[in-house]
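Shown next, in structure tokens, is the structure this report addresses.
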Amino acid sequence: MPNPTAAMLVIGDEILSGRTRDANMHHLAGKLTECGIDLKEVRVVSDDPRAIEAAVKELAGRFDHVFTSGGIGPTHDDITADCIARAFGDHIDIRDDARNLLAAHYAAKGQEFNEARQRMARIPDRATLIENPVSAAPGFTLENVNVMAGVPSVFKAMVDSVLPGLTGGAPLQSRSIRIERGEGEIAGPLGKLAADYADLGFGSYPFIEHGQFGANVVIRGTDAARLNAAARALFQLFPEAK
2 MPNPTAAMLV
12 IGDEILSGRT
22 RDANMHHLAG
32 KLTECGIDLK
42 EVRVVSDDPR
52 AIEAAVKELA
62 GRFDHVFTSG
72 GIGPTHDDIT
82 ADCIARAFGD
92 HIDIRDDARN
102 LLAAHYAAKG
112 QEFNEARQRM
122 ARIPDRATLI
132 ENPVSAAPGF
142 TLENVNVMAG
152 VPSVFKAMVD
162 SVLPGLTGGA
172 PLQSRSIRIE
182 RGEGEIAGPL
192 GKLAADYADL
202 GFGSYPFIEH
212 GQFGANVVIR
222 GTDAARLNAA
232 ARALFQLFPE
242 AK
């Protein structure tokens, strides 16, 4: 059986403007690889309701799981929760379970649970909450979409809350082999080898060191025996590889 598939939707003008560097995709990709869920697509959209809704609908229809980051905070431009609700035709408002979590959190800190903070308790009716042990404000899962914060520490905590409940497949493994020849020289034999091992993924990543062209060839797959066989075949083609 093929592994479940996933997509990530990164939401926020600050990412597209270059003001903020996204770190969440790298973290999510590694975690999904560990549990055997294949991340197939990552998309970045602006804080535009129509763009968010359209992207969510499309990705949710194409992949087993969708993970979003960004736009569920207390400010006026945090619109993700409302967009997700509209995308799935669900009603959204302040929910008692989320409000109680936040009220207790701010009471323990001696801070006012003001109107802005109450916005973070707006959750679609059919959604289930995603635990946030960092700052209490929950994410949520609606159908196959997991809606999470953009702050990296909170995003990581929410990923840890969600993944144990998902069914994964075989973890992806890889072999990396360094060949000190230019890609133009190795492309033909490498292409034939990739065709012989069509069940595996082959990537060639070029480099230049001290004026010498080379490539790191990475072979990926879920079957260790097949990976080892492909690696041996690659060493036979390029005995100097390491």
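Using our numbering, read the sequence shown as starting at 2 and increasing by one per residue.
For each residue, glycine too, the CB sits at the ideal point set by N, CA and C.
- Note: GLU210 is bridge-paired with GLN213 in the DSSP secondary-structure output.
- For SER162, the uninterrupted alpha helix (DSSP H) run begins and ends at 153-163, by DSSP.
- Annotated three-state conformation of PHE114 is coil, per DSSP.
- When DSSP states are grouped into helix, strand and coil, ILE180 belongs to the strand group.
- Between LEU194 and ALA234, the gap from beta carbon to beta carbon is short of 8 Å.
- Assignment of PHE236 by DSSP, reduced to helix, strand and coil, places it in the helix class.
- Collapsing the DSSP output to three states places THR168 in coil.
- In this structure, VAL146 and ALA61 form a Cβ contact; the two beta carbons are roughly 5 Å apart against a cut-off of 8 Å.
- Per the C-alpha coordinates, the member of GLU116, SER136, HIS92, ILE95 positioned closest to LYS110 is SER136.
- Shown here for GLY204: same chain residues with a beta carbon closer than 6 Å to its own, the five before and five after excluded, namely VAL219 in chain order.
- The three-state reading of DSSP puts GLU42 in strand, counting E and B together.
- Per DSSP, reduced to three states, the secondary structure at PRO125 is strand.
- If you look at ILE80, you'll find it isn't in any beta strand (DSSP E); DSSP assigns it neither H nor E.
- When the alpha-carbon of VAL45 is set against those of ILE53, ILE38, ASP39, the nearest one is in ILE53.
- THR223 sits in coil when the DSSP states are folded into three classes, being neither helix nor strand.
- Counting along the chain, ASP94 sits inside the beta strand (DSSP E) bounded by residues 93-95.
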